[in-house]
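Undergrad: Quick one: structure below, then a few questions.
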Amino acid sequence: MLDTLIFASQIVVPAGEGRALRGAEMNKLKVIDNGAVGIKDGKIAFVGTREEAADLKANETIDAEGKLLSPGLVDPHTHLVFGGSREHELALKQQGVPYLEILAQGGGILSTVRATRETTEDALFEKAMFHLNRCLTYGVTTMEAKSGYGLDKETELKQLRVAKKLNESHPMDLVSTFLGAHAIPENYKGRPDAFLEEMLSMLSVISKEGLAEFVDIFCETGVFSVEQSRTFLQKAKTAGFGVKIHADEIDPLGGTEMACEIGAVSADHLVGASKEGVRMLGESDTIAVLLPGTTFYLGKDHFAPAREMISSGAAVALSTDFNPGSSPTENIQFIMNLAALKLKMTPEEIWNAVTVNAAYAIGRGDVAGSLIKGRNADLVLWDVPNYKYVPYHYGVNHVNRVWKNGVLVA
Ligand code: NIG
Ligand code: FE
29 MLDTLIFASQ
39 IVVPAGEGRA
49 LRGAEMNKLK
59 VIDNGAVGIK
69 DGKIAFVGTR
79 EEAADLKANE
89 TIDAEGKLLS
99 PGLVDPHTHL
109 VFGGSREHEL
119 ALKQQGVPYL
129 EILAQGGGIL
139 STVRATRETT
149 EDALFEKAMF
159 HLNRCLTYGV
169 TTMEAKSGYG
179 LDKETELKQL
189 RVAKKLNESH
199 PMDLVSTFLG
209 AHAIPENYKG
219 RPDAFLEEML
229 SMLSVISKEG
239 LAEFVDIFCE
249 TGVFSVEQSR
259 TFLQKAKTAG
269 FGVKIHADEI
279 DPLGGTEMAC
289 EIGAVSADHL
299 VGASKEGVRM
309 LGESDTIAVL
319 LPGTTFYLGK
329 DHFAPAREMI
339 SSGAAVALST
349 DFNPGSSPTE
359 NIQFIMNLAA
369 LKLKMTPEEI
379 WNAVTVNAAY
389 AIGRGDVAGS
399 LIKGRNADLV
409 LWDVPNYKYV
419 PYHYGVNHVN
429 RVWKNGVLVA
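Take a look at the structure:
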């Protein structure tokens, strides 16, 4: 006897190949028309057609005629825990003041650093919980959360502890990343290497207390150079962390190539990735995490070269980059719309990029992003007739309900 049996007009079943999908594989998406998914003890117990499910018995049967069922989505790049907000920067943006100029003047990331330092751990927890609940309502059941608004030991640890507590107390599975190298704080101005040493000295306690699995750095003009980032990430890797990088987001510095060379799990943004960087992504296991919401919000016309990346054989994932500055949105469905319109990705590529590939980008490919018997029953029921509809109809929330480990959570 199953706990729950859900019938839907279409079911999205991303491939579980044991690795991220790359290149042309991304354009293949398995769907089951008139399908059914069974849940037992929080796990997926059945995936098949309506006919195959005809003899199954369940305590609860949901007949979602006309609707789509998919795995819970995975958001692999967010800055979830922060104090304050930055609506005051919108007017500066409208006047054309560049993002890096606002940062150089002590605003931007540094303004959120001040707010985060001033916010208590409990208040940060409540605020992040609010955003996390909203992410869940958009269909995300697994996501990554970065620190990086402390830039000092005390506040970075405070952010990481909040993420850990959220993971323990909220249905969402949260994967934590240490982004202490997010900007150079005022007291280290002109001394980036000394600041990076300070952040590296935190790795032992982070590892001992299980506060992060990944280490990330913002490789950008006026922040950290490619060589500083390489040295920093290599040390983090040696200390046992998976590594990620904010690369070629605004200026094309060559962080994409470096990420492939050092075996980063993911390289994120990549708007200005060079031809060589794109070629190297196609040959490495580094997943390209693209964040078109950020490009949109920064008011740029040029988006990451997703088509070239897929042609070169790369594995592409998509994410909100949820943060208070360059991408204040929890709406991953809008990112799916932007991926269609601005990155020219196909609906099949987009679904693979927010499920299986996003899961691999945060080391959760074996548990999330796919509908396979025995896995956690993380499911989303959508008020849409088919999977192509979600990247098409934009700006609204199509989610009908969300299950996490078989429990209805939204
Ligand atoms: O991914 N670029 C660096 N970090 C974030 C933005 C953080 C912020 O502006 O607060 C990003 O775009
Ligand atoms: Fe980011």
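In my numbering, each residue carries its 1-based index in the sequence shown increased by 28.
We put the CB at the ideal spot given by N, CA and C, even for glycine.
Is S354 close to ligand 1? I mean its beta-carbon at under 7 Å from any heavy atom of the ligand.
TA: Position 326 of the sequence shown holds residue 354. Yes.
Undergrad: Check each candidate in G66, L96, E115 and E80 and name the one with the smallest Cα separation from P352.
TA: Residue 352 sits at position 324 when you count from the first residue of the sequence shown. It is E115.
Undergrad: Is D349 near ligand 2, going by C-beta to nearest heavy atom under 7 Å?
TA: Here residue 349 is taken as the residue at index 321 of the sequence shown, counted from 1. At least one heavy atom of ligand 2 is nearer than 7 Å to the Cβ of D349, so yes.
Undergrad: Touch check for the stretch 125-134 and the stretch 401-409: three-plus C-beta pairs under 8 Å?
TA: These segments do not touch.
Undergrad: Expressed to the nearest angstrom, what Euclidean distance is found between the alpha-carbon atoms of M286 and I39?
TA: For this step, residue 286 is matched to residue 258 along the sequence shown. For this step, residue 39 is matched to residue 11 along the sequence shown. Roughly 39 Å between the two C-alpha positions.
Undergrad: Give me, in chain order, the residues of the same chain whose beta-carbon lies closer than 6 Å to that of A264; leave out the 5 immediate sequence neighbours on both sides.
TA: The residue given as residue 264 occupies position 236 in the sequence shown. So the qualifying residues of the chain are V243 and V271.
Undergrad: Provide the residue(s) that pair with W431 in DSSP beta bridges, ordered along the chain.
TA: Indexing the sequence shown from 1 puts residue 431 at position 403. Answer is L407 and L436.
Undergrad: Compute the distance between the beta-carbons of V141 and L179, then report whether it is under 8 Å.
TA: Position 113 of the sequence shown, counting from 1, holds the residue named residue 141. Position 151 of the sequence shown, counting from 1, holds the residue named residue 179. Yes, these two residues count as a Cβ contact at 8 Å.
Undergrad: Are T322 and L101 closer than 8 Å when you measure CB to CB?
TA: Here residue 322 refers to the residue found at position 294 when the sequence shown is read from its first residue. Here residue 101 refers to the residue found at position 73 when the sequence shown is read from its first residue. For T322 and L101, no; Cβs fall outside 8 Å.
Undergrad: Decide if V190 is buried, meaning its Cβ has at least 16 other Cβ atoms within 10 Å, or exposed.
TA: For the purposes of this step, residue 190 is taken as residue 162 along the sequence shown, with counting starting at 1. Classification for V190: buried.
Undergrad: Helix, strand or coil for S98, going by three-state DSSP, please let me know.
TA: Here residue 98 refers to the residue found at position 70 of the sequence shown. Strand at S98.
Undergrad: Count the CB pairs spanning the stretch 364-372 and the stretch 404-412 that are closer than 8 Å, and state whether there are at least three.
TA: Result no; under three Cβ-Cβ pairs closer than 8 Å.
Undergrad: Between which two residues does the beta strand (DSSP E) carrying M171 extend?
TA: In the sequence shown, the residue the question calls residue 171 occupies position 143. Here the beta strand (DSSP E) through M171 covers V168 to K174.
Undergrad: Report the residue ranges of all beta strand (DSSP E) runs contained in full by the stretch 255-337; include only those spanning at least 3 residues, in chain order.
TA: Entirely contained in the stretch 255-337, the beta strand (DSSP E) runs reaching 3 residues are, in chain order, 270-275, 294-297 and 315-318.
Undergrad: Counting only runs of 3+ residues fully inside the stretch 187-211, write out the beta strand (DSSP E) ranges in chain order.
TA: The stretch 187-211 contains these whole beta strand (DSSP E) runs: 201-209.
Undergrad: Specify, as a first and last residue, the run of the alpha helix (DSSP H) that A73 falls within.
TA: Working through the sequence shown from its first residue, we reach residue 73 at position 45. Here A73 belongs to no alpha helix (DSSP H); instead the beta strand (DSSP E) covers K71 to T77.
Undergrad: State the CB to CB distance for the pair F252 and Y177, rounded to an integer number of angstroms; the pair is presumed to be in contact (CB under 8 Å).
TA: Taking the sequence shown and counting its residues from 1, one reaches residue 252 at position 224. Taking the sequence shown and counting its residues from 1, one reaches residue 177 at position 149. Contact doesn't hold; Cβ gap of about 16 Å is too wide.
Undergrad: Mapping DSSP to helix, strand and coil, what is S37?
TA: Numbered from its first residue, the sequence shown carries residue 37 at position 9. S37: strand per DSSP, three-state reduction.
Undergrad: Please state whether the Cβ-Cβ distance between V41 and K68 is less than 8 Å.
TA: Start at 1 with the first residue of the sequence shown, and residue 41 comes out as number 13. Start at 1 with the first residue of the sequence shown, and residue 68 comes out as number 40. Result no, Cβ atoms of V41 and K68 do not sit closer than 8 Å.
Undergrad: Report the rounded CA-to-CA distance for A143 versus L207, giving the unit in angstroms.
TA: Taking the first residue of the sequence shown as 1, we reach residue 143 at position 115. Taking the first residue of the sequence shown as 1, we reach residue 207 at position 179. A143 and L207: Cα-Cα distance of roughly 17 Å.
Undergrad: Contact defined as beta carbons within less than 8 Å: I believe D276 pairs with L261. What is the distance between those atoms, to the nearest angstrom?
TA: The residue labelled residue 276 in the question sits at position 248 within the sequence shown. The residue labelled residue 261 in the question sits at position 233 within the sequence shown. That pair is no contact at about 15 Å.
Undergrad: In the DSSP assignment, find the alpha helix (DSSP H) that holds I67 and state where it starts and stops.
TA: If you number the sequence shown from 1, residue 67 lands on position 39. I67 -> not in any alpha helix (DSSP H); beta strand (DSSP E) instead, spanning K58 to K68.
Undergrad: In whole angstroms, what separates the C-alpha of T32 from that of A332?
TA: Taking the first residue of the sequence shown as position 1, residue 32 is located at position 4. Taking the first residue of the sequence shown as position 1, residue 332 is located at position 304. Spanning the two alpha carbons is a distance of roughly 41 Å.
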